[in-house]
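Single-structure report; data block below.
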Amino acid sequence: MTDLHRLLNDAQLTSLLSRLGVRPGESHDGAMPLCLVASIFNVRQIEAAYERSLGATVRRAVLERARQLVAVEGGMVARSGDHILFAFDAGSQAELLSGALPMRETSLPDRIVEALGGAPVYGDSGIVYPAISVRIAGYGDEPFDIDAVGMASLSPGRLPGWREQYQGDMATAIALFRAMDEGRLAVELSPSGQDANAQGTGYFALTLTERIGSKTRPLGAALDALERLGLTRRLDRWVIHSLRERLVLEPSIKVRLNTSIDGMPPEAWRLRVMNALLLSPDTASRVSIDTAGTAAASKQRGAA
29 MTDLHRLLND AQLTSLLSRL GVRPGESHDG AMPLCLVASI FNVRQIEAAY
79 ERSLGATVRR AVLERARQLV AVEGGMVARS GDHILFAFDA GSQAELLSGA
129 LPMRETSLPD RIVEALGGAP VYGDSGIVYP AISVRIAGYG DEPFDIDAVG
179 MASLSPGRLP GWREQYQGDM ATAIALFRAM DEGRLAVELS PSGQDANAQG
229 TGYFALTLTE RIGSKTRPLG AALDALERLG LTRRLDRWVI HSLRERLVLE
279 PSIKVRLNTS IDGMPPEAWR LRVMNALLLS PDTASRVSID TAGTAAASKQ
329 RGAA
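The numbering used here applies: residue 29 is where the sequence shown begins, and numbers increase by one.
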């Protein structure tokens, strides 16, 4: 890891951090600023499926949300294309030694994703959710390239009917997130096929349903739409918290999870799930996480 003076030799990063107000020698007690890059990776698809002006509206809305976030968190922010660079005070050396910094590194990406992408953006040509990816920017010897750190915007599909499917998927996502915000989603558990007959070690599979009056319906098709849009992360976060509550209430059950999340490496997803579950005693040991399909599903997004 280089020091901040050495890092700032790169003109592009110097310019960005200068706009943030970060200067060499201004780190707190010698701790390096925590830099993260958030990317709006569905802007090109939004522009192709609706109108180009809606993409500009999304960029402005997300940047304003970023400014509101740092006003609360005490950080600084600047936009470069479809990427937003965040800089936060990493804290004192004492906080680093106490473990507070790693905890902040774990929680900040989730908070940024929710703050920037947790609400729809309204435009003249449609209503859309921005898809947000967040990555922590390291301090290496190579020149800083925000495009290399951030996630590239997904390309529009080329097959006939892609535009109509994208708009339909987005309408499905809006309805699903509305149901989630209104408390109409539920976590259902059923015996997992391969472990249902195992004595004393049977796992349960988790299924999402929506309550409609006195009935429930599975959300399989809606989840497929979120996968295609790259908007699963907000729902995954809700699932983790709902699962944690269920595991605490029912200490005898064990759950097998399937995952496919917005470009997040399987081990990072596993760590995030376990960090959330470890807040409650004896929960992480009762969860099995299958990440085999994650990479393949991520590659398929935007190719419909």
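A virtual CB, placed ideally from N, CA and C, is assigned to each residue, including glycine.
Might you give, ordered along the chain, the residues of its own chain that have their beta carbon closer than 7 angstroms to the beta carbon of residue i, omitting 5 neighbours on each side?
{"i": "residue 238", "result": "207, 212, 213, 244, 245 and 247"}
{"i": "residue 143", "result": "93 and 97"}
{"i": "residue 79", "result": "153"}
Quick one: does residue i have its CB under 8 angstroms from some CB of chain D?
{"i": "residue 252", "result": "No chain D appears in this structure, which consists of one protein chain only."}
In the structure shown, what three-state DSSP assignment does residue i receive?
{"i": "residue 203", "result": "helix"}
{"i": "residue 239", "result": "strand"}
{"i": "residue 272", "result": "helix"}
{"i": "residue 137", "result": "helix"}
{"i": "residue 210", "result": "coil"}
{"i": "residue 198", "result": "helix"}
{"i": "residue 81", "result": "helix"}
{"i": "residue 244", "result": "strand"}
{"i": "residue 316", "result": "strand"}
{"i": "residue 216", "result": "strand"}
{"i": "residue 180", "result": "coil"}
{"i": "residue 281", "result": "coil"}
{"i": "residue 258", "result": "coil"}
Count the other CB atoms, across all protein chains shown, that sit within 10 Å of the CB of residue i; report buried if there are 16 or more and exposed otherwise.
{"i": "residue 153", "result": "exposed"}
{"i": "residue 188", "result": "exposed"}
{"i": "residue 241", "result": "exposed"}
{"i": "residue 272", "result": "buried"}
{"i": "residue 115", "result": "buried"}
{"i": "residue 258", "result": "buried"}
{"i": "residue 53", "result": "For residue 53, the predicted model reports a pLDDT of 43, less than 50, meaning its position is unreliable; a value from the coordinates is still stated below. Its Cβ having fewer than 16 others within 10 Å, residue 53 is exposed."}
{"i": "residue 166", "result": "exposed"}
{"i": "residue 226", "result": "Any reading at residue 226 must be qualified, since the residue scores a pLDDT of 44, below 50, and its modelled position is unreliable; the value itself is stated next. Exposed."}
{"i": "residue 277", "result": "exposed"}
{"i": "residue 111", "result": "buried"}
{"i": "residue 176", "result": "exposed"}
{"i": "residue 61", "result": "buried"}
{"i": "residue 279", "result": "exposed"}
{"i": "residue 117", "result": "buried"}
{"i": "residue 268", "result": "buried"}
Excluding five sequence neighbours on each side, which residues of the same chain lie with their C-beta closer than 6 angstroms to the C-beta of residue i?
{"i": "residue 140", "result": "66 and 162"}
{"i": "residue 194", "result": "77"}
{"i": "residue 137", "result": "162"}
{"i": "residue 282", "result": "231 and 314"}
{"i": "residue 64", "result": "114, 162 and 164"}
{"i": "residue 68", "result": "90, 110 and 158"}
With a threshold of 8 angstroms on Cβ separation, who are the neighbours of residue i within its own chain once the five nearest residues in sequence on each side are excluded?
{"i": "residue 81", "result": "151, 152 and 153"}
Per the contact definition of three or more C-beta pairs closer than 8 angstroms, is the segment 248-256 in contact with the segment 199-206?
yes
Is it true that the segment 175-194 meets the segment 91-105, where meeting means three or more beta-carbon pairs spaced less than 8 angstroms apart? no
So does the segment 142-151 actually touch the segment 78-90, counting three or more Cβ pairs closer than 8 angstroms? yes
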